[in-house]
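First the structure, in the form of structure tokens, and then the observations on it.
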Amino acid sequence: MGLMRRVEYLILFLICFHVFSVSSLSGKSVGDSYKYDTLSTRSKPFIIFYPGKYHKMAEKIGVILENSSGKIAGDLGIGEFDTIRVYIAGNKKDYRILHRGMLPEWSEACSDLANLRLCINAEAVLRSQRPIHVVIRHELSHLLFTQRVRGVRCPTWFLEGLAMSQSGEWTFSDHWHFMVAVWKKDIPDLEDLRGRFPDSGREAAMAYRLSYIAVNELFAKRPEDLMTLTAFTRDLGDFKRAFLLTFGKYPLDFADEFQAILSGKYKTRFILAASAPLWTGMVILFLIAYSVKRYKARRKIKQWEEEEKDVKRRGELEIKSS
Numbered sequence: 003m004g005l006m007r008r009v010e011y012l013i014l015f016l017i018c019f020h021v022f023s024v025s026s027l028s029g030k031s032v033g034d035s036y037k038y039d040t041l042s043t044r045s046k047p048f049i050i051f052y053p054g055k056y057h058k059m060a061e062k063i064g065v066i067l068e069n070s071s072g073k074i075a076g077d078l079g080i081g082e083f084d085t086i087r088v089y090i091a092g093n094k095k096d097y098r099i100l101h102r103g104m105l106p107e108w109s110e111a112c113s114d115l116a117n118l119r120l121c122i123n124a125e126a127v128l129r130s131q132r133p134i135h136v137v138i139r140h141e142l143s144h145l146l147f148t149q150r151v152r153g154v155r156c157p158t159w160f161l162e163g164l165a166m167s168q169s170g171e172w173t174f175s176d177h178w179h180f181m182v183a184v185w186k187k188d189i190p191d192l193e194d195l196r197g198r199f200p201d202s203g204r205e206a207a208m209a210y211r212l213s214y215i216a217v218n219e220l221f222a223k224r225p226e227d228l229m230t231l232t233a234f235t236r237d238l239g240d241f242k243r244a245f246l247l248t249f250g251k252y253p254l255d256f257a258d259e260f261q262a263i264l265s266g267k268y269k270t271r272f273i274l275a276a277s278a279p280l281w282t283g284m285v286i287l288f289l290i291a292y293s294v295k296r297y298k299a300r301r302k303i304k305q306w307e308e309e310e311k312d313v314k315r316r317g318e319l320e321i322k323s324s
């Protein structure tokens with residue numbers, strides 16, 4: 003009897019420890035480096051947890067979420083959606099604690115679909131060439147899509163291509179690199195991108211580009227098919243069957259057709275773009291755009307650093323006055 007009582011106590015202790023660990027992560031702190039402050043958006047169900055020095059970033063993210071969620075949700079066929087918690091990690095260490103899983107080194111943000119959480123690596127976002135609104139909208143697309151289809155498994159190429167499309171994540175550089183890859187026959191098959199994307203930055207970038215082009219091709223003529231596809235996926239619990247009912251073909255058939263479309267459309271575009279005058283102009287435009295992005299990124303980092311210094315100075319003054 004004494005042994006059974008000890009086993010019961012041990013089980014109770016493990017349950018309490020687990021509950022405490024989860025509540026500490028979703029409530030006030032992560033790691034030992036900072037405490038969370040919280041911010042709730044006014045019209046949409048978002049709660050943002052952030053270190054105090056990233057208050058301005060939290061406010062900006064709140065505005066992006068409120069302004070973007072209606073359009074993304076509407077395209078998917080969602081009216082109201084459950085509360086989404088957003089966590090801003092101040093550094094890579096805390097970001098990895100938040101995610102509790104394997105992430106590539108270049109990761110700037112990620113979605114915890116099971117718990118409806120959006121996790122952001124503030125350091126990586128501030129140094130990213132992607133605008134912050136693109137990063138947020140990309141992850142928001144994942145979180146709203148999983149609510150729409152109630153967690154039904156879908157191919158990664160479709161999820162990532164849709165997120166890129168809904169976030170406006172496509173640049174001249176992406177287009178050019180994609181045309182070159184098609185010309186060199188250096189692209190993966192769409193069916194090979196059903197699971198986890200490569201960890202390599204170069205290979206992952208090509209996987210994302212291919213996914214984006216595939217989704218755009220899929221909904222080019224009838225964007226409203228997205229709402230139909232997600233409704234069938236939710237009701238049937240099967241993406242393949244939903245795809246068949248929406249488009250009259252299975253995903254594998256579409257993948258085969260898509261490869262044939264690529265070899266025709268993008269090879270022709272590459273030949274036209276490779277002509278000397280046009281190529282020179284494109285290079286100049288690319289260099290100008292890249293320079294502007296770098297300048298804006300430096301200004302953004304400097305702004306956050308100045309705001310961080312102001313917070314520290316105010317804290318020191320408050321300590322002295324007290």
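Residues in the sequence shown are numbered consecutively from 3, following my numbering. Glycine is no exception: its CB is placed at the ideal position from the N, C-alpha and C atoms.
- Straight across, the Cα-Cα distance linking R155 with H57 is about 36 Å.
- According to DSSP, D39 shares a beta bridge with Y52.
- Excluding five sequence positions before and after G203, the CB atoms of its chain that fall closer than 6 Å to its own CB belong to W108, given in chain order.
- The residues A206 and A209, in chain order, have a CB closer than 8 Å to that of P200 in the same chain once the five nearest residues on each side in sequence are set aside.
- For A111, the enclosing beta strand (DSSP E) has its first and last residue at A111 to D114.
- Look at R211 here: in three-state DSSP terms it is helix.
- Look at R119 here: in three-state DSSP terms it is strand.
- The residues V136, R139, H140 and S143, in chain order, have a CB closer than 7 Å to that of S169 in the same chain once the five nearest residues on each side in sequence are set aside.
- Around the CB of K55, 16 or more other CB atoms lie within 10 Å, so the residue is classed as buried.
- Here R129 carries a coil assignment [DSSP, helix/strand/coil].
- Look at Y89 here: in three-state DSSP terms it is strand.
- In this structure, W159 and L195 form a Cβ contact; the two beta carbons are roughly 4 Å apart against a cut-off of 8 Å.
- Selection P53, E82 and D77 evaluated against P47 yields E82 as nearest (Cα-Cα).
- Taking a C-beta distance under 9 Å as the contact criterion, S130 and E162 do not qualify as a contact pair.
- Taking a contact to require three or more Cβ pairs closer than 8 Å, the segment 69-79 and the segment 87-94 do not qualify as touching.
- Residues Y56, M59, I90, A91 and G92 of the same chain have their beta carbon placed closer than 7 Å to that of A124, with the five preceding and five following residues left out of the count.
- The Cβ-Cβ distance between G79 and L246 does not fall below 9 Å.
- A residue is called buried when at least 16 other Cβ atoms come within 10 angstroms of its Cβ; G76 does not meet this threshold and is exposed.
- Annotation: the continuous alpha helix (DSSP H) that includes V136 extends over I134 to R150.
- Y214 and S167 do touch by the CB rule: their CB atoms are close to 6 Å apart, below 8 Å.
- Our two residues, I263 and A126, have alpha carbons roughly 36 Å apart in a direct line.
- Between the alpha carbons of E308 and R301 lies a gap of roughly 11 Å.
- Restricting attention to S175, F249 and C112, the CA atom closest to the CA of T235 is found in F249.
- Ranked by Cα distance from F241, the options E219, R44, F147 and R224 are led by F147.
- Counting along the chain, the unbroken alpha helix (DSSP H) around A183 starts and ends at F174 to W185.
- DSSP places V65 in the uninterrupted alpha helix (DSSP H) bounded by H57 to L78.
- In this structure, L118 places its C-beta atom within 9 Å of the C-beta atom of L145.
- Going by beta carbons, V88 and C121 fall inside the 9 Å limit.
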